[in-house]
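Structure first, commentary second.
Protein chains in written order, with UniProt numbering: chain A, 1 to 386; chain B, 1 to 386.
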C-alpha cells in the first residue's frame with residue numbers, strides 16, 4: 001500500500017461533508033477494479049455487515065447505492081408506500097419539508113406534524129395524529145441538518161409499535177448515522193436513510209439505507225409496481241445479497257472506489273479504538289463541550305430543548321453585532337470552514353458547526369481548534385466594530 | 001499537491017470501469033471540501049464546460065449527479081416523456097432491453113426495433129417505425145457493452161430530424177462518451193446519457209447527461225409533474241447553472257471527490273496531448289489493432305458488420321476448445337482482467353475486452369500487453385488440452 005498523507009487544507013467543520021481519515025482518502029484512490037471482481041466483493045460484503053453493527057440492526061438489509069443521501073427518500077417513497085396511501089411526516093426543519101415533497105411526488109398523501117423552528121413535534125401530538133388515520137409510513141428526521149434538532153428515535157419507534165404497529169417507521173439519519181446512537185432493531189425502526197459523508201466520515205456519493213424484514217415484506221406484497229427503475233429495491237436486493245455472499249452480481253455499476261473508502265472508515269468505526277459504544281459517548285461529550293463554549297460567547301442554540309439537540313452538529317443564532325457572513329469569513333481566515341444557515345425562516349440569523357465522525361476522534365483536537373477559532377473570531381469582530 | 005503513484009494491480013481491461021491516471025486517483029483522494037465552497041465551485045464549473053467540448057455540444061446543458069450510468073435512463077424516462085406517450089427503442093443488446101424496461105416503469109408505451117444478436121436495426125427499419133407512429137423519444141445504445149455493437153449515431157440523428165423532427169433523440173453513451181466521436185449538436189442528438197467510469201477514465205459513481213435546449217423546452221412544457229424527486233431535472237437545472245456561474249447551490253450533496261477526479265480526467269482529455277480529435281483516432285486505431293490480433297487467434301466478433309463495431313471495446317466469440325472462464329482465468333494469472341459475457345443469448349460463448357480511456361494513451365502500452373497476454377493465454381490453453 002502506498003503511503004499517503006492528505007495535503008494541507010482548511011479544517012472542514014460543517015454538518016457534512018466532514019473530514020476523512022488519510023486511510024479513507026487513500027482507499028478512495030484505489031487503483032481501478034472491476035465491480036464484479038471476486039477481489040472487490042469482500043469489501044462490499046464488509047460494508048454491508050459493518051452497517052448492521054453501526055445501526056445495531058442484525059436483521060436489517062443494508063443497501064449501498066451510488067447517489068446522494070436524498071436518493072434515500074426516493075427509495076422509501078417509491079418502494080415502501082403506494083400512490084394514494086397516507087404518510088405522516090414529522091417536521092423539525094428543512095429536511096421534513098423536502099421528504100414530504102418527495103413522498104408527494106410518488107403519490108403519497110402526506111400529513112405533517114410541524115414543530116416551530118428549533119422544536120420537534122411532541123409525542124402527544126404524534127400519538128394523536130397516528131390515531132386519527134392509518135399511515136403506511138411515518139417519517140422523521142433524526143437530526144435535522146438545518147436546525148440541529150434531534151428527534152427521540154427510541155420513543156417514536158416505541159410509540160408507533162404501540163399505537164399503529166402496521167405503520168413503517170422511517171428514520172432520516174443522513175446527519176445521524178454513526179454520530180447518534182441508533183438501535184434500529186430494538187427501537188422498531190424500519191428504515192434508516194443515510195449517506196457516506198456525515199458521521200461515516202467518507203466522501204459523498206453513497207446512499208446508504210438499511211431496511212427491516214417487515215419493510216421488505218411490505219415491498220414484496222405491493223399491489224402496484226415500484227415507481228422507479230434505478231431506485232427499485234427489488235432490483236437491488238438480489239445484488240446486495242449476492243455481494244454479501246461474495247458472488248458479485250450486476251444491476252448498475254456500484255461506486256467501487258467509494259465503497260473501498262467506506263470500508264476503510266467502517267473498519268475504524270467498528271473495529272478500532274474507541275469502540276462503537278465509546279464513539280457515541282465521545283460525540284456526546286464533544287457536543288456538550290462545544291455548545292457550552294458557544295453559549296459562553298453569547299450564541300444561542302436553535303434547538304429549544306437541551307435534550308433535543310444533535311450530538312454531531314450545532315446550529316446557533318449569532319449574538320447581536322455579529323453577522324453570520326462575517327463570522328464564517330473570520331473562521332475561514334483562521335483555516336476553519338463552518339456553514340451558514342439553511343432553514344428559510346431564520347437563514348440570515350444563524351450558523352452551523354459540525355463535530356462528527358473522525359473530527360471527534362481522541363487522536364485529533366478539531367473541537368478545541370474550533371472553539372479557539374470561534375473565540376478569536378468573535379473577539380476580532382467585536383474589536384473591529386468597537 | 002502530494003505525490004501519488006497507484007499501487008501495483010492487475011490491468012483492468014474490461015469495458016468499464018477502466019484504468020484511471022494517477023492524477024485522477026489522487027484527485028479522488030482530495031481532502032474533504034464543502035460542496036458549497038467557493039473553492040470547489042470552479043472544479044464543478046470546469047467539468048460542465050469540458051463535457052460540452054467532449055460531446056461537441058456548445059448548446060447542451062450537462063447534468064453531473066451522484067449515481068450510476070443507469071440513473072441516466074431514469075432521468076430521461078421521468079423527465080422527457082410522459083406516461084402514455086410512445087417511445088421507440090432501438091435494441092442492439094442487453095442495454096436496449098433494460099432502457100425499454102426503465103421507460104415502461106414510468107408509463108411510456110415502448111415499441112422496440114430489435115436486431116439479431118451482433119446486429120443493429122437497419123436505418124430502413126427505423127425509418128419505417130418512425131413513420132408508423134408518433135414518438136416522444138427515440139433511444140439507441142451507441143455502444144452496447146454486452147455486444148460491442150456501435151450504432152450509427154449521426155445517421156440516426158439525421159433520420160429523426162428528417163422523418164419525425166419532434167421526437168427527442170436519446171443516445172445511451174455510457175460506453176461511448178469520450179471513446180467514440182459524438183457531435184451532439186450537429187447530429188441532432190437531444191440527450192447523451194453517460195457515466196464516469198468508461199471513456200472518461202474516472203472511478204464509477206457519477207451519472208453524466210447532456211441535454212439539448214429542445215429537450216429542456218419539452219421538460220418545461222410537461223403537462224404532468226416529473227415522476228421522480230432525486231431524478232428531477234427541474235430541481236437540478238438551477239444547481240448546474242449556479243455552479244457554472246461559480247455560485248454553489250444546494251439540492252442534494254454532489255459527489256465532491258469524484259468531481260475533482262472527473263475534472264482531472266477532463267483536463268487530460270480536453271487540454272492534453274493528444275488532442276480530442278486525435279483521441280478518437282487513437283481509439284479507432286487501438287480497436288483495429290486489437291480486433292485484428294484477436295481474429296488471427298480465431299476469435300470472431302459478436303458485431304456482425306465491421307463498421308458497426310465499437311472502438312472502445314471488443315466482444316468476441318471464443319474459438320473452439322477455449323472456454324471463456326478458462327480464458328478469463330489464464331489472462332487473470334497474467335495480471336490482466338477481462339470480462340465474461342453479459343448478453344443472455346450468448347453468455348457462455350464469448351468474452352469482452354475494453355480498450356478505452358487512458359488505456360489507449362500513447363504513453364501506455366496496455367493494448368500491446370493485452371494482445372500478448374491473449375496470445376500467451378490461448379497458447380497455454382491449447383497446450384493443456386492437446
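Every residue gets a Cβ at the ideal spot worked out from N, C-alpha and C, and that includes glycine.
Could you tell me the distance, in whole angstroms, from the CA atom of residue i to the CA atom of residue j?
| i | j | result |
| --- | --- | --- |
| residue 110/B | residue 25/A | 44 Å |
| residue 155/B | residue 259/A | 40 Å |
| residue 201/B | residue 351/A | 39 Å |
| residue 19/A | residue 203/A | 9 Å |
| residue 305/A | residue 151/A | 11 Å |
| residue 322/B | residue 253/A | 28 Å |
| residue 185/B | residue 176/B | 16 Å |
| residue 293/A | residue 139/B | 59 Å |
| residue 227/B | residue 68/B | 19 Å |
| residue 328/B | residue 329/A | 56 Å |
| residue 302/B | residue 308/B | 10 Å |
| residue 198/A | residue 312/A | 9 Å |
| residue 269/A | residue 276/A | 6 Å |
| residue 101/B | residue 58/B | 31 Å |
| residue 159/A | residue 384/A | 52 Å |
| residue 382/A | residue 210/A | 47 Å |
| residue 60/A | residue 282/A | 26 Å |
| residue 62/B | residue 232/A | 25 Å |
| residue 278/B | residue 365/B | 17 Å |
| residue 367/B | residue 99/B | 31 Å |
| residue 50/B | residue 64/B | 12 Å |
Excluding the five sequence neighbours on either side, which residues of its own chain have a C-beta within less than 8 Å of the C-beta of residue i, listed in chain order?
| i | result |
| --- | --- |
| residue 10/B | 332, 335, 336 and 337 |
| residue 131/A | 163 and 164 |
| residue 347/B | 340 and 341 |
| residue 35/A | 248, 250, 253, 254 and 256 |
| residue 117/B | 93, 147, 302, 343, 345 and 346 |
| residue 42/A | 246 |
| residue 324/B | 318, 340, 341, 348, 349, 350 and 351 |
Do residue i and residue j have their C-beta atoms within less than 9 Å of each other?
| i | j | result |
| --- | --- | --- |
| residue 193/A | residue 90/A | no |
| residue 107/B | residue 136/B | no |
| residue 251/B | residue 71/A | no |
| residue 205/B | residue 66/A | yes |
| residue 178/A | residue 378/A | no |
| residue 147/A | residue 315/A | yes |
| residue 174/A | residue 145/A | yes |
| residue 119/A | residue 149/A | yes |
| residue 32/A | residue 31/B | no |
| residue 361/A | residue 225/A | no |
Once you ignore the five residues that flank residue i on each side, which residues in its own chain have a CB closer than 6 Å to its CB?
| i | result |
| --- | --- |
| residue 141/A | 92, 95, 96 and 172 |
| residue 4/A | 22 and 26 |
| residue 244/A | 45 and 48 |
| residue 183/B | 56 |
| residue 103/B | 77, 87 and 110 |
| residue 157/A | 169, 187, 188 and 189 |
| residue 121/B | 90, 113 and 115 |
Who are the Cβ neighbours of residue i in its own chain at under 7 Å, not counting the five residues just before and after it?
| i | result |
| --- | --- |
| residue 14/A | 337, 338, 339, 352 and 354 |
| residue 134/A | 86 |
| residue 387/B | Beyond the ends of chain B as shown, which are 1 and 386, falls residue 387/B; an answer cannot be given. |
| residue 196/A | 202, 203, 204, 205, 206, 208, 258 and 262 |
| residue 376/A | 334 |
Original post:
Considering only residues of the region 297-342 of chain B, which uninterrupted beta strand (DSSP E) runs meet the minimum length of 3 residues and lie entirely inside it, listed in chain order?
Top reply: 313-317
**OP:** Entirely within the region 166-220 of chain B and at least 3 residues each: give me those beta strand (DSSP E) ranges in chain order.
**Re:** 168-172, 191-195 and 206-211
**OP:** State whether the region 204-222 of chain B contacts the region 181-195 of chain B, with contact taken as three or more CB pairs (one from each stretch) at a distance under 8 Å.
**Re:** yes
Original post:
Do the region 70-85 of chain A and the region 117-132 of chain A touch if we need at least three Cβ pairs shorter than 8 Å?
Top reply: no
Subject >> Any 3 or more C-beta pairs closer than 8 Å across the region 255-275 of chain A and the region 148-165 of chain A >> reply: no
Original post:
Are there three or more Cβ pairs, one per stretch, closer than 8 Å when the region 344-363 of chain A is compared with the region 268-287 of chain A?
Top reply: yes
Original post:
Taking one C-beta from the region 288-303 of chain A and one from the region 361-375 of chain A each time, how about it: are there three or more such pairs within less than 8 Å?
Top reply: yes
**OP:** Inspect the CB distances between the region 224-240 of chain A and the region 62-76 of chain A and report whether three or more fall short of 8 Å.
**Re:** yes
Original post:
What runs of the alpha helix (DSSP H), each 4 residues or longer, lie entirely inside the region 10-55 of chain A?
Top reply: 22-28 and 41-54
Subject >> Length-filtered (3 minimum) beta strand (DSSP E) runs lying within the region 115-155 of chain B >> reply: 137-141
Original post:
Going along the chain, which unbroken runs of the alpha helix (DSSP H) with 4 or more residues stay wholly within the region 239-272 of chain B?
Top reply: 256-271
Subject >> Segments of 3+ residues assigned as beta strand (DSSP E) that fall wholly inside the region 56-122 of chain A >> reply: 61-66, 86-91 and 109-114
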